[in-house]
Amino acid sequence: MPDSVIAADGTRLRVIERGPAKGAVVLAVHGFASNSELNWLNAGWERPITDAGYRLVAFDLRGHGASDGPVDPAAYRLTTLADDALQVLDAVGADRAHWLGYSLGSRVGLQVARKAPERLRSLNLGGTSAADPPVERLQAMLDDLGLDDEALRAFATGVSADAPALPDAPLGIPTLLVAGSDDAVAAGGGRTAERLGGRYIELPGRTHANAITSRAFKDAVLENLGSA
Amino acid sequence: MAEKSFPLPDLGEGLIDATILEWLVKPGDRIERNDPLVEVETTKSALELPSPMSGVVKTLHGESGAVIKVGDPLVTFETPDAEAGIVGTVPTQEAPKRRVRLSVPED
Numbered sequence: 102m103p104d105s106v107i108a109a110d111g112t113r114l115r116v117i118e119r120g121p122a123k124g125a126v127v128l129a130v131h132g133f134a135s136n137s138e139l140n141w142l143n144a145g146w147e148r149p150i151t152d153a154g155y156r157l158v159a160f161d162l163r164g165h166g167a168s169d170g171p172v173d174p175a176a177y178r179l180t181t182l183a184d185d186a187l188q189v190l191d192a193v194g195a196d197r198a199h200w201l202g203y204s205l206g207s208r209v210g211l212q213v214a215r216k217a218p219e220r221l222r223s224l225n226l227g228g229t230s231a232a233d234p235p236v237e238r239l240q241a242m243l244d245d246l247g248l249d250d251e252a253l254r255a256f257a258t259g260v261s262a263d264a265p266a267l268p269d270a271p272l273g274i275p276t277l278l279v280a281g282s283d284d285a286v287a288a289g290g291g292r293t294a295e296r297l298g299g300r301y302i303e304l305p306g307r308t309h310a311n312a313i314t315s316r317a318f319k320d321a322v323l324e325n326l327g328s329a
Numbered sequence: 276m277a278e279k280s281f282p283l284p285d286l287g288e289g290l291i292d293a294t295i296l297e298w299l300v301k302p303g304d305r306i307e308r309n310d311p312l313v314e315v316e317t318t319k320s321a322l323e324l325p326s327p328m329s330g331v332v333k334t335l336h337g338e339s340g341a342v343i344k345v346g347d348p349l350v351t352f353e354t355p356d357a358e359a360g361i362v363g364t365v366p367t368q369e370a371p372k373r374r375v376r377l378s379v380p381e382d
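Structure, rendered in structure tokens:
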């Protein structure tokens, strides 16, 4: 089992795996300025997913966590991030996987659904809606968090270069969108879910930052995984 | 019955407190060590804290929305007397006729 994967351009991506070796893979992809430990492990996702028999595979997006961080914005196009994810799936031997994303990780999942839907068993997308956050908002997030990191700044620029686009519906796989009722970034998630032929669940009183630990979010995802 | 209390643990990154988002247990629940205990939010992120022990939950120190400082009490469990922790009931005694040395309970 690899603990890192080398992407096509040589960028090294850190991979964390948990749970039964033969379990169906749930690929967990974190949000901007976060990482696999913060977004998934510390938020309590390992146990519900692995107890249900799935293999949790999380990787740090390029520019984040323990993965390499190129400083050229061109290294961070959405198609590249999607290719990175498929590379991780290849490395762990998963023809198809459940996608679990939060925020930007959900955006990458939608890109994979657009370009390589045959690799997906289900889509579980937290904290997203139809539109990518513009580069200014991502830069502002870095300022708010006090993170002055060249790779993350390049990431914000690079990932915002492509116009957001949804995959063609119907996707034919169980699709779930989840967001906090007070999540400004994910406003409009209900409409997006409808366009994709999926379900939308709103978490009362939760924001973009604190939706990630919600028990209701976890329960909804477990149910969606089971319906695939 | 004795009790054992646990503080909000060090959350790293120089964080001094956290806001309670949602308790995942209630008083009277019997839970195992590492069972999900509570969701908290810091200025950096949201975390799910695992239970520090197996036992029966007695007191939750703060409602949703309360801010708790690192090191302040977070949760109290009931414990059988044989495993009494530091926070316990002090046995009452009549005034001794002569000086008696009381031994401190083993932790």
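So the protein sequences, as listed, match chains A and B. Residues in the first sequence are numbered from 102 upward in steps of one, following this note's numbering. Residues in the second sequence are numbered from 276 upward in steps of one, following this note's numbering. Where a beta carbon is used, it is the ideal one built from N, C-alpha and C, also for glycine.
Comparing alpha carbon positions, the residue from A:Val322, A:Asp152, A:Leu139 and A:Val193 closest to Val116 of chain A is A:Val193. Within the region 210-235 of chain A, not one residue has a Cβ closer than 9 Å to any Cβ of chain B.
Look at Lys216 of chain A here: in three-state DSSP terms it is helix.
At least 7 Å separates the CB of Asn136 of chain A from every CB of chain B. Residue pairing by DSSP puts Leu304 of chain A in a beta bridge opposite A:Gly281.
About 7 Å separates the beta carbons of Val189 of chain A and Val158 of chain A, which is inside the 8 Å limit, making them a contact pair. Look at the region 285-301 of chain B: the residues with a C-beta under 8 Å from a C-beta of chain A are Leu296, Glu297 and Leu299.
Under the 7 Å criterion on CB atoms, Pro311 of chain B is classed as interfacial with respect to chain A. Close CB contacts of Asn309 of chain B within its chain, under the 7 Å cut and outside five residues either way in sequence, are with Pro325 and Ser326 (chain order). Ala293 of chain B places its beta carbon 7 Å or farther from that of Asn311 of chain A.
Rounded to the nearest whole angstrom, the C-alpha separation of Val279 of chain A and Phe352 of chain B is 34 Å.
The DSSP-derived three-state label of Asp185 of chain A is helix. Residues of the region 106-121 of chain A that bring their beta carbon within less than 9 Å of a beta carbon in chain B are absent altogether. At least 7 Å separates the beta-carbon of Leu272 of chain A from that of Arg300 of chain A. Using a 10 angstroms sphere on the CB of Thr180 of chain A, the tally of other CB atoms stays under 16, which defines it as exposed. Fewer than three pairs of CB atoms, one per stretch, sit closer than 8 Å, so the region 235-250 of chain A makes no contact with the region 212-226 of chain A. In the same chain as Ile302 of chain A, and ignoring 5 residues on each side of it, the C-beta atoms closer than 6 Å to its own belong to Val279 and Ala321, in chain order. Using beta-carbon distances, Leu283 of chain B does not count as an interface residue toward chain A, since no partner is under 7 Å. At a cut-off of 7 Å, the C-beta of Leu335 of chain B has no neighbouring C-beta in chain A. Chain A has a Cβ within less than 7 Å of the Cβ of Glu323 of chain B. Within the same chain, Thr294 and Ile295 come within 8 Å of Ala341 of chain B by CB-CB distance, once the 5 residues on both sides are set aside.
The three-state secondary structure of Leu272 of chain A, taken from DSSP, is coil. For Leu246 of chain A, the uninterrupted alpha helix (DSSP H) run begins and ends at Val236 to Leu246, by DSSP. Glu251 of chain A sits exposed, since fewer than 16 C-beta atoms from the chains shown fall within 10 Å of its C-beta.
Residues of chain A with a Cβ closer than 9 Å to the Cβ of Glu316 of chain B are, in chain order, Thr308, Ala310, Asn311 and Thr314.
Under DSSP, the beta-bridge partners assigned to Arg305 of chain B are B:Val331. For the 7 Å CB-CB criterion, Gly281 of chain A and Arg254 of chain A do not form a contact.
Per the DSSP secondary-structure output, Phe352 of chain B pairs in a beta bridge with B:Lys279 and B:Val332. Look at Leu323 of chain A: its C-beta is not under 7 Å from any C-beta on chain B. Following the DSSP letters along the chain, one finds Glu138 of chain A in no alpha helix (DSSP H), marked with neither H nor E. At least one CB of chain B lies nearer than 7 Å to the CB of Gly145 of chain A.
Under the 10 Å beta carbon count, Val172 of chain A is surrounded by fewer than 16 other beta carbons and is classified as exposed.
Residue environment for Ser339 of chain B: exposed (fewer than 16 other C-beta atoms within 10 angstroms of its C-beta). For Leu326 of chain A, the uninterrupted alpha helix (DSSP H) segment begins and ends at Arg316 to Gly327. Shown here for Phe256 of chain A: same chain residues with a beta carbon closer than 6 Å to its own, the five before and five after excluded, namely Gly164 and Tyr177 in chain order. Gly202 of chain A carries a strand assignment under DSSP once its states are collapsed to helix, strand and coil.
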